[in-house]
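Following: one structure in structure tokens, then a few remarks.
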Amino acid sequence: MRSKTILAVGATLALAATAMGQVNYAFPSPWNPAGRSASEMTQLIMFSWDDNAYSGARGTEYEWRASPTSPITANFVGGEMPSWIAGTANAGRLEGFTGGTFQNTMGLAWAYRALARGEAITAGGAQGSGIPMVFNMITGLFVDRESGTWNNAQSVLGAFRPSAQESSAHQRIAVTWGREFNSNSGGAFNTNQISAAVRRLVAAGSEIGNHTIDHMESNSPLVGPSAQFQGMSENNRTISAGGRTWQLGFANWDNEGFSTANDNVMNWGVSIRESTEFGQAVGHTAQSRGWLIFAGRQISQDAWYQYIRFSELFLLYGGVGWSSPQVPRAQLQGFRAPRLEVNSNLFYALKRAGYTYDMGLEEGYEWHRTGHNFLWPYTFDNGVQNSWTQFSSGNRVFVDSTPDGLWQLHVSPVIVPANIRSDVWSNHAAIMAGSGTPTTASDRDHWLQHGKVTGFDFNTWILYGMTGANWQATMRHTLDLRMSGNRAPMQFGLHTDYYTPIYDFATLLNDFNRPGWGQPVVQGWNTWTVRQRETEDFVNHALGRQAHFVTGIQLIDSMRTWVALGEARAQHILPASALPNEWTWVSNQPNDANNTTSRALNNLSGDIRIQSTFAPDQPRFVINFPAGTLNSATHIQLDYKQTSASMIRLITEDGRAREVMLAHRFPIQSNHENPGIDNGNFGRAELRNSGMIPISAFDYPPEVDHPMDYASVNVSQVIAIEIQPLAPYARPIAFGQPGWSNVVRTDPWEARFEFRNFRIHTGQPFDFGGVDPIDPVSIGRANRNVARALSIAGITGNALNLNIAQAGTYNVGIYTVSGRQIQSFRGQNLSAGMNTLNLNNLARGVHVVRIQGVNNNQQLVRQVIVR
777 MRSKTILAVG
787 ATLALAATAM
797 GQVNYAFPSP
807 WNPAGRSASE
817 MTQLIMFSWD
827 DNAYSGARGT
837 EYEWRASPTS
847 PITANFVGGE
857 MPSWIAGTAN
867 AGRLEGFTGG
877 TFQNTMGLAW
887 AYRALARGEA
897 ITAGGAQGSG
907 IPMVFNMITG
917 LFVDRESGTW
927 NNAQSVLGAF
937 RPSAQESSAH
947 QRIAVTWGRE
957 FNSNSGGAFN
967 TNQISAAVRR
977 LVAAGSEIGN
987 HTIDHMESNS
997 PLVGPSAQFQ
1007 GMSENNRTIS
1017 AGGRTWQLGF
1027 ANWDNEGFST
1037 ANDNVMNWGV
1047 SIRESTEFGQ
1057 AVGHTAQSRG
1067 WLIFAGRQIS
1077 QDAWYQYIRF
1087 SELFLLYGGV
1097 GWSSPQVPRA
1107 QLQGFRAPRL
1117 EVNSNLFYAL
1127 KRAGYTYDMG
1137 LEEGYEWHRT
1147 GHNFLWPYTF
1157 DNGVQNSWTQ
1167 FSSGNRVFVD
1177 STPDGLWQLH
1187 VSPVIVPANI
1197 RSDVWSNHAA
1207 IMAGSGTPTT
1217 ASDRDHWLQH
1227 GKVTGFDFNT
1237 WILYGMTGAN
1247 WQATMRHTLD
1257 LRMSGNRAPM
1267 QFGLHTDYYT
1277 PIYDFATLLN
1287 DFNRPGWGQP
1297 VVQGWNTWTV
1307 RQRETEDFVN
1317 HALGRQAHFV
1327 TGIQLIDSMR
1337 TWVALGEARA
1347 QHILPASALP
1357 NEWTWVSNQP
1367 NDANNTTSRA
1377 LNNLSGDIRI
1387 QSTFAPDQPR
1397 FVINFPAGTL
1407 NSATHIQLDY
1417 KQTSASMIRL
1427 ITEDGRAREV
1437 MLAHRFPIQS
1447 NHENPGIDNG
1457 NFGRAELRNS
1467 GMIPISAFDY
1477 PPEVDHPMDY
1487 ASVNVSQVIA
1497 IEIQPLAPYA
1507 RPIAFGQPGW
1517 SNVVRTDPWE
1527 ARFEFRNFRI
1537 HTGQPFDFGG
1547 VDPIDPVSIG
1557 RANRNVARAL
1567 SIAGITGNAL
1577 NLNIAQAGTY
1587 NVGIYTVSGR
1597 QIQSFRGQNL
1607 SAGMNTLNLN
1617 NLARGVHVVR
1627 IQGVNNNQQL
1637 VRQVIVR
């Protein structure tokens, strides 16, 4: 039998990590941190479920339609209607936690019976007792209705008084987020069924995460100025907010992030109309309460912290019939922000609140990420690399500085097999057209090249409208790519709500959603029962492939073990005498302001002004040395602080480069403005230690635009190391505004930096196994002119002039900065020297030009501006 680094996940790994010392660090890398060959690693999979509003317990209510166009009727699981409702069981009933079979259950009951307990896993599955998973709970589901009749109710969080437009039947509506709450009065269910469902899942070995108390919705009933109340024990006070009467909402963070207007103005200047966004009539009362749209990208660290702690109260400290605490604080370690709306402040707040990991970032959309080489989980010690690469080219992102020691269990895309991409795209295009945002032919051409879809059930089932067969083929294909590649852990995001008839009939088929998101149900591409069946089949398939399902903490315990194994390879530090004692400044840009105060090997500091240019050789600092100097290198480490991201590169004898990015920046600039070299805080900032960066983490440059499997750099051929402070291609919208315009930056970019205590660890070489079947792209660096003659000689709206070094067949594409293809030239036979391609009246602005030699290694990716 093939040996594995791990044969089981959990206690064995935890003991190993403890024995080697708990490591709370991992650098983003396409290779496992242990430095083992992929064949030695067990493929790990994490299912993370969000929202989870329906227990599927007997006696609970759900919506049903006999057909997509039939009226909605109320039904009760198991047909057991509460005593206060007259009538008999409906024929369309489902079975609950007890009785029936798991195929007739929904929501949390289905996830528990079919997956966590393993009733849907056949004897061929290695884990017949079921699989552990993560359930990120909206903790407001645990808030019970305490008193009053059905139309005049109260909860510990108070109640709000709706207008007649919102509800003419209610005098007060209790502040709760579910309909399966406990109540001490008639007109509701007898127990909090969500609480009972979660209790079962915990007993089955699953993990509970925090998904906030109210999903940060724009119609959340928790609102009110903190000056009028702070405590949670007072139920009788009323306040005025949004033109109506409220009771005891929450405003412990001074109402930051809330809005009482239909037009929500983002702090980057964009206005979003709530009535249009959600298909409501103008003046609906929901438009005068709740969160600002995209609040998660805007609020402060203190607001995030208080909100996170507030959302824990009912999950940790009772109120739903559990013995206190419900979930021990030590077991609540993971968080996911609603809609993945994050900023730097969130991550600092999570660390402050004692969380171990976040799972709200996406990775893997670079062209050379093929599914064989997705990143492994990492910690935030050195920032988030793709946050820089995105806003450098004009995208608006909200992460710059990050805390150390907080783990990121990111989501990578799934990859649709090439033979079904046209079918999948056809459904997606119909859905987008129905939602009012039609796709274009260039959108289709661009997507067909990679077939990547965000790794969530909404994106696969609803946004792309996959049939059961296409979803299954996509999931199996993605798993196959990982297992035949680097075996990076796979996280897939799901929502148990999508596996209920309520989601299909009451959400997808409502009047607002039906033309777009409702098309998968209307057209019969998939339904909630199809989603259940295919999910069960994929789990069984993955287990048959010897993959292991894990919780977030189990995954991190495994990572800690592997990081410790990798760091244990380092036995020595390369003597400083083996390297030059000073960095050399290299630049091809005229009028660069190079104000370095020290260029010593272990004290490189100062500031530079980086001109706006797309030349391949940006200003940088270099140390050169003989090949073989790094023969036994295992890790690189340094201390640093910087106002801009920086790249560290290893240059080999043939001029090729591998690189890692230090994306953590100081001071914290959630608005992403250029802090400038005169920021007084920089001098007082502490240095950040990079941790031990494995040599295997040095990856291909992000501009590589064709598939590549991974093989580590050959350290015996390394002849130089470079440090390059980075500057964005795009120009900031305005000082103090988050995000970037799509206009090329023309003014110099000021970058201040200190790099100290540079050291190279040596010891037992990493064992990667295998070779890269595709020749790496040659990237000219330092004084080596490899592949530099391929260049863009000029561009107008009607012509692209190319200087071709080597005659041959080339593919040329022109894209927007967000990646949408505008024009494509496939299989062009170009001669050495100047060549002209005619363009179709290209619009003015910033564009990306990609040139790829089909029969040679020539390639170029550049941003250009058409005036």
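Residue numbers (this note's numbering): 777 to 1643. We put the CB at the ideal spot given by N, CA and C, even for glycine. As the structure is a computational prediction, the values presented were derived from the model and not from experiment.
On the criterion of 16 or more Cβ atoms from any shown chain inside 10 Å, does PHE1531 qualify as buried, or is it exposed? Here residue 1531 is taken as the residue at index 755 of the sequence shown, counted from 1. PHE1531 should be labelled buried.
Within its chain, find whatever has a CB closer than 6 Å to the CB of ARG1528; leave out the 5 residues flanking it on each side and keep chain order. Here residue 1528 corresponds to residue number 752 of the sequence shown, with the count starting at 1. Same-chain partners within the cutoff: ASP1383, THR1419, ILE1453, PHE1458.
Cβ neighbours of GLY1227 in the same chain (closer than 7 Å, five flanking residues each side left out): The residue given as residue 1227 occupies position 451 in the sequence shown. If we look at GLY1227 and ignore the five residues flanking it on each side, its Cβ neighbours are ILE1191, VAL1192, ALA1194, ARG1197.
Per DSSP, what kind of secondary structure is ALA842 in: helix, strand or coil? The residue you call residue 842 lines up with position 66 of the sequence shown. Residue state, collapsed to three classes: coil.
With respect to the beta strand (DSSP E) encompassing MET1259, which residues constitute its N-terminal and C-terminal limits? In the sequence shown, counting from the first residue as 1, residue 1259 sits at position 483. Here MET1259 belongs to no beta strand (DSSP E); instead the alpha helix (DSSP H) covers 1244-1259.
Cβ-based neighbour list, VAL1362, same chain, cut-off 6 Å, excluding 5 preceding and 5 following: On the sequence shown, position 586 is the one that residue 1362 refers to. So the list reads ARG1396, VAL1398, once near-sequence residues are dropped.
In angstroms with no decimal places, state the Cα-to-Cα distance between HIS1623 and ASP1280. As a position in the sequence shown, residue 1623 is number 847, starting the count at 1. As a position in the sequence shown, residue 1280 is number 504, starting the count at 1. Roughly 41 Å separates the two Cα atoms.
Closest by CA to PRO1541, which one among ALA1503, ALA1409, ARG1434? Along the sequence shown, read from residue 1 onward, the residue named residue 1541 stands at position 765. For the residues ALA1503, ALA1409, ARG1434, the minimum Cα distance to PRO1541 belongs to ALA1409.
THR732 and TRP1247 look like a contact to me (Cβ under 8 Å); what is the Cβ gap, rounded to whole Å? For the chain, the structure presents residues 777 to 1643; residue 732 sits outside this window and is missing.
Spatially closest choice to ARG1115 from TRP1044, GLY1136, PHE1288, by CA coordinates: Sequence index remark: in the sequence shown, residue 1115 carries index 339 (1-based). Among TRP1044, GLY1136, PHE1288, the Cα nearest to that of ARG1115 is on GLY1136.
Just tell me which of SER1188, GLY1292, HIS1317, PRO1214 has its CA closest to the CA of ILE897. One-based indexing of the sequence shown puts residue 897 at position 121. Ranking the options by Cα distance to ILE897, first place goes to HIS1317.
Give the secondary structure of VAL1553 by DSSP, where H, G and I count as helix, E and B as strand, and everything else as coil. Position 777 of the sequence shown, counted from the start, is the residue given in the question as residue 1553. Residue confidence for VAL1553 is low, a pLDDT of 30 falling below 50, so the modelled location carries little weight; the figure read from the coordinates is stated next. If DSSP states are grouped into helix, strand and coil, VAL1553 belongs with coil.
Would you kindly report the start and end of the unbroken beta strand (DSSP E) that includes VAL1436? Taking the first residue of the sequence shown as position 1, residue 1436 is located at position 660. It spans 1433-1438 - the beta strand (DSSP E) in which VAL1436 sits, taken as one unbroken run.
Report yes if the C-beta distance between ASN1289 and PRO1296 is below 8 Å; otherwise report no. Locating residue 1289 in the sequence shown gives position 513, where the first residue counts as 1. Locating residue 1296 in the sequence shown gives position 520, where the first residue counts as 1. Their beta carbons are not under 8 Å apart, which means ASN1289 does not touch PRO1296 by this criterion.
By how many angstroms is the C-alpha of GLY985 removed from the C-alpha of THR1155? Position 379 of the sequence shown, counted from the start, is the residue given in the question as residue 1155. Position 209 of the sequence shown, counted from the start, is the residue given in the question as residue 985. Cα to Cα, the separation comes out at about 18 Å.
DSSP-derived helix/strand/coil call for THR1052: Here residue 1052 corresponds to residue number 276 of the sequence shown, with the count starting at 1. If DSSP states are grouped into helix, strand and coil, THR1052 belongs with the helices.
Return yes when the Cβ of ARG1535 is within less than 8 Å of the Cβ of VAL1489, no when it is not. Here residue 1489 refers to the residue found at position 713 when the sequence shown is read from its first residue. Here residue 1535 refers to the residue found at position 759 when the sequence shown is read from its first residue. No, these two residues do not count as a Cβ contact at 8 Å.
Quick check: the stretch 910-917 against the stretch 967-979, are at least 3 beta-carbon pairs closer than 8 Å? yes
Which residues DSSP lists as bridging PHE823, in chain order: The sequence position of residue 823 within the sequence shown is 47, counting from 1. The partner list for PHE823 (beta bridge, DSSP) reads PHE1268.
Just list the residues that DSSP pairs ARG1396 with in beta bridges. The sequence position of residue 1396 within the sequence shown is 620, counting from 1. For ARG1396, which the question treats as bridged, DSSP gives the partners VAL1362.
Measuring straight from C-alpha to C-alpha, what distance separates PRO1214 and MET1208? By one-based count along the sequence shown, residue 1214 stands at place 438. By one-based count along the sequence shown, residue 1208 stands at place 432. So the alpha carbons of these two residues sit roughly 5 Å apart.
Identify every run of the alpha helix (DSSP H) within the stretch 1083-1170, keeping only runs that are complete inside it and at least 4 residues long; order them along the chain. 1120-1128, 1161-1168
Could you give the DSSP three-state label for ASP1475: helix, strand or coil? Looking up residue 1475 in the sequence shown gives position 699. In this structure, ASP1475 counts as strand in the three-state DSSP scheme.
Taking the beta carbon of ARG1620 as the centre, do at least 16 other beta carbons fall within 10 Å, making it buried, or is it exposed? Position 844 of the sequence shown, counting from 1, holds the residue named residue 1620. By the neighbour-count rule (16 or more Cβ atoms within 10 Å), ARG1620 is not buried but exposed.
Just verifying my parser: in three-state terms, what is the DSSP assignment at ARG1375? Locating residue 1375 in the sequence shown gives position 599, counting from the first residue. Reduced to three states, the DSSP call for ARG1375 is strand.
First and last residue of the alpha helix (DSSP H) that includes MET1610? Stepping through the sequence shown from its first residue, residue 1610 is reached at position 834. Counting along the chain, MET1610 falls outside any alpha helix (DSSP H), though it belongs to the beta strand (DSSP E) covering 1609-1614.
Over the uninterrupted beta strand (DSSP E) stretch that includes GLY1539, give me the two end residues. Taking the sequence shown and counting its residues from 1, the one referred to as residue 1539 is at position 763. It spans 1525-1539 - the beta strand (DSSP E) in which GLY1539 sits, taken as one unbroken run.
At the level of alpha carbons, what is the spacing between VAL1640 and LEU1578? Here residue 1640 corresponds to residue number 864 of the sequence shown, with the count starting at 1. Here residue 1578 corresponds to residue number 802 of the sequence shown, with the count starting at 1. When rounded, the distance between both Cα atoms is 13 Å.
Buried or exposed: GLY883, going by 16 or more other Cβ atoms within 10 Å of its Cβ? Here residue 883 corresponds to residue number 107 of the sequence shown, with the count starting at 1. Buried.
Residue from PRO1504, ALA1506, VAL1436 whose Cα sits closest to the Cα of ASP1475: Locating residue 1475 in the sequence shown gives position 699, counting from the first residue. Closest option to ASP1475, Cα to Cα, is VAL1436.
Expected contact under 8 Å - CB spacing of THR1405 and ALA1346 to nearest Å: Residue 1405 sits at position 629 when you count from the first residue of the sequence shown. Residue 1346 sits at position 570 when you count from the first residue of the sequence shown. Contact doesn't hold; Cβ gap of about 16 Å is too wide.
How would you label TRP1223, buried or exposed, when you count the other beta carbons within 10 angstroms and need 16 or more for buried? For the purposes of this step, residue 1223 is taken as residue 447 along the sequence shown, with counting starting at 1. TRP1223 should be labelled buried.
Compute the Euclidean distance between the alpha carbons of ASN1614 and ASN1171, then round it to the nearest angstrom. As a first step, residue 1614 is located in the sequence shown; it is residue number 838 there, counting from the start. As a first step, residue 1171 is located in the sequence shown; it is residue number 395 there, counting from the start. When rounded, the distance between both Cα atoms is 28 Å.
Helix, strand or coil for THR1410 per DSSP? Position 634 of the sequence shown, counting from 1, holds the residue named residue 1410. Strand at THR1410.
Do GLY1300 and GLY1210 count as a contact pair if the criterion is CB distance below 8 Å? Stepping through the sequence shown from its first residue, residue 1210 is reached at position 434. Stepping through the sequence shown from its first residue, residue 1300 is reached at position 524. No, they are not a contact pair.
Taking a contact to mean a Cβ-Cβ separation below 8 Å, would you say GLY832 touches THR881 in this structure? The count along the sequence shown starts at 1 and reaches residue 832 at position 56. The count along the sequence shown starts at 1 and reaches residue 881 at position 105. Taking 8 Å as the Cβ cut-off, GLY832 and THR881 qualify as a contacting pair.
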